[in-house]
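Down below is the structure, laid out as structure tokens.
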Amino acid sequence: MKRVLVTGGAGFVGRHAIPALAARGFEIHAAGRTEPEGAHAFHAADLLDPGQRRAAVQRAGASHLLHLAWVTTPGRYWQAPDNLDWTAASLDLVRAFREAGGRRAVVAGTCAEYDWTTIARLGEATAAGTGHLPESAPCDPATLYGAAKDGLHRILAPYAASAGLSLAWGRLFYLYGPGETPGRLVGDAARALLAGQRLATSEGRQRRDFLHIADAGAAFSALLDAPVEGAVNIGSGAAVSVRSILEEIGARTGRPDLIDFGARPLGPAEPACIEADIRRLADEVGFCPRYDLKRGLAETVASWRAALSNGASGP
């Protein structure tokens, strides 16, 4: 049996990666502070503590590693000093995993590793003003979060090659779905409109690549189970305008009148379009997203409506 050690299993992506891994026949060992549902074994550990981290790796004895844990608090993680802690911890985690006999690792990266000015040039190069972003595009992050992820990848890639470790790097684009923490676009919009509150936003003309969280978890599972190495974009491959997303949520909640487009300025550094080239994910990994945006938004709004009607803070 394939045994995988999952970090961040109780997080937004991890909660969906675990059942997808189970469906692929993995024996799932989770490590972290919170035990996730669906794991076959749980190794309680503060992953930022070297002793606890290495002990968890040894106890798991896994052949595979899916490393999702990181600082992800919306509005904070972009420039949080914790990014430095997670970079160091992740380097040691992968090394400890390999030295314990691990053979295959997949680590979560981010589209924030890319050079946003490159994205702008890709957009200008096409008639529609859009451009799919390939994994070969230059990386020049504008945030500490993006730089930490990019730096981690740059170090791990040659280490894996020298140590005989199969390594893939899943670059996540924008995510949405039930269970979003406050601070994310779709969840915040659904909650506000369902509660009858006004929603101040930009004009919403910027286009972003949004992927349903269930598809993100399944994509990581497929990537781990494949022999593909190097960077792989994990997105939908079809950017849509933020305005169209909010209009769909407005229609689903019955409160489009509460959306104040243009009430907030869009940052000058924001690219007009961020869209993943997912040919590696589709052709080499063999994974294609199952959710289209309408279905995904309908499910997400319904989950928030049910949660709020029951007096809960979230689905």
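The numbers in UniProt numbering rise by one with no breaks, and the one at position 305 of the sequence shown is 305. Even for Gly, the Cβ is constructed at its ideal location relative to N, Cα and C. Being a predicted model, the structure only gives us computed values, none of them experimental.
* Own chain partners of Gly146 with C-beta closer than 7 Å, once the 5 adjacent residues on each side are dropped -> Thr110, Ala112, Glu113
* To do: Please check the pair Thr300 and Val186, which I expect to be a contact at CB under 8 Å, by giving their CB distance rounded to whole angstroms.
  => 6 Å
* Name the one or two DSSP bridge partners that Cys273 has. => Arg207
* Asked: Are there three or more Cβ pairs, one per stretch, closer than 8 Å when the stretch 34-52 is compared with the stretch 228-247?
  -> no
* **Same chain, Cβ closer than 8 Å to Val232, five either side skipped, listed in chain order** => Glu135, Ala168, Trp169, Gly170, Arg171, Leu223, Arg280, Leu281, Glu284, Val285
* To do: Please name the residue in Ala148, Phe26, Ala96, Gln52 whose C-alpha comes closest to that of Asp225.
  => Phe26
* What are the complete beta strand (DSSP E) segments, minimum 3 residues, inside the stretch 212-269? -> 230-234, 259-261
* **Identified DSSP bridge partners for Gly61** => DSSP lists no partner for Gly61.
* **Unbroken beta strand (DSSP E) run spanning Arg7, endpoints** => For clarity, residue 7 is Thr in the given sequence; the question names Arg instead. From DSSP, the beta strand (DSSP E) with Thr7 extends over 2-7.
* **Close beta carbons around Trp116, own chain, < 7 Å, minus the five adjacent residues each side** => Ala142, Ala269, Pro271
* Residue range of the unbroken alpha helix (DSSP H) whose run includes Val301 -> 293-309
* May I ask you to report which of helix, strand or coil DSSP gives Phe173? => coil
* Environment of Arg295 [buried if 16+ CB atoms lie within 10 Å] -> exposed
* To do: Count the other CB atoms, across all protein chains shown, that sit within 10 Å of the CB of Pro138; report buried if there are 16 or more and exposed otherwise.
  => exposed
* To do: Kindly indicate which three-state DSSP category Ala168 falls into: helix, strand or coil?
  => strand
* Asked: Taking DSSP as the reference, what is the three-state secondary structure of Leu133?
  -> strand
* To do: Specify, as a first and last residue, the run of the beta strand (DSSP E) that Phe42 falls within.
  => 41-44
* Taking C-alpha atoms, which residue in Pro81, Val94, Ala39 lies nearest to Pro158? -> Val94
* Asked: Which term fits Asn83, buried or exposed, when burial requires 16 or more other beta carbons within 10 angstroms of its beta carbon?
  -> buried
* Apart from the five residues just before and just after Asp85, which ones in its own chain have a Cβ nearer than 6 Å to its Cβ? -> Leu48
* Can Val4 and Leu66 be called in contact, C-beta distance under 9 Å? -> yes
* Express the C-alpha separation of Gly14 and Gly254 in angstroms, rounding to a whole number. => 32 Å
* Beta carbon of Ser236: closer than 8 Å to some heavy atom of the ligand NAP? -> Ligands are entirely absent from the displayed structure, and the ligand NAP is therefore not among its contents.
* Reduced DSSP category for Phe12 - H, G, I as helix; E, B as strand; rest coil -> coil
* Among all the DSSP beta bridges, which residues are the ones paired with Arg104? -> His64, Ser166
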